[in-house]
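Residue numbers (the numbering used here): 11 to 176.
Below, the structure is given as structure tokens:
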């Protein structure tokens, strides 16, 4: 199946080879060409498909693993990770603060973490940022009176929003 999904990287591109591999994996996962728990090819097969070295492939796979996109089972192989519920900045949030207030629903927001960090690979690909780009990272926990709790992660380019964290 991977043969139909992946293509060799563009070695003439200024985009690092491992980022090109990452982008292909992320695209395949987002388009549901690769599903949760699906086993991906071994390193040798993937190197052949992407036309990259094992070092380059391992660099890409390590980033994917760090972000939870894939996981490894010792002696079994590498698999696509369990999909987390995500929304992007262009989507309307399910419940806004105004809607909660309008309906008389009590809620609580807690900013659990805020900092300027090196943009994770997935964020760099989506926001088209450079390899060493920084982003403002905010982790918000919202609890509604019904007991429902959800976490929202915000990534905002530090280049265009200096001081956003403050």
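Here a beta-carbon is modelled for each residue, glycine too, at the ideal position from N, C-alpha and C.
In this text, all values refer to a predicted model and were calculated from it rather than measured experimentally.
Under three-state DSSP, which class holds residue i?
i, result
"residue 111", "helix"
"residue 64", "helix"
"residue 22", "coil"
"residue 167", "strand"
"residue 140", "coil"
"residue 82", "strand"
"residue 124", "strand"
"residue 48", "coil"
"residue 35", "helix"
"residue 172", "coil"
"residue 92", "coil"
"residue 41", "coil"
"residue 17", "coil"
Look at the alpha carbon of residue i and the alpha carbon of residue j, and state the distance between them as a whole number of angstroms.
i, j, result
"residue 98", "residue 131", "Here residue 98 scores only 47 on pLDDT, less than 50, and its place in the model is too uncertain to base an answer on."
"residue 121", "residue 161", "10 Å"
"residue 85", "residue 43", "25 Å"
"residue 54", "residue 17", "15 Å"
"residue 72", "residue 115", "42 Å"
"residue 49", "residue 89", "4 Å"
"residue 68", "residue 171", "33 Å"
"residue 164", "residue 28", "25 Å"
"residue 136", "residue 167", "11 Å"
"residue 46", "residue 91", "6 Å"
"residue 149", "residue 26", "29 Å"
"residue 159", "residue 24", "42 Å"
"residue 63", "residue 141", "20 Å"
Cβ atoms of residue j and residue i: under 8 Å apart, would you say?
i, j, result
"residue 30", "residue 20", "yes"
"residue 151", "residue 127", "no"
"residue 169", "residue 143", "yes"
"residue 153", "residue 117", "yes"
"residue 119", "residue 87", "no"
"residue 59", "residue 13", "yes"
Is residue i close to chain D, meaning its C-beta is less than 8 Å from at least one C-beta of that chain?
i, result
"residue 72", "Among the protein chains of the structure shown there is no chain D, as only one such chain exists."
**OP:** Assess, as a yes-or-no matter, whether the segment 34-50 is touched by the segment 77-84 under the definition of 3 or more beta carbon pairs within less than 8 Å.
**Re:** Cβ pair count under 8 Å is three or more, so yes.
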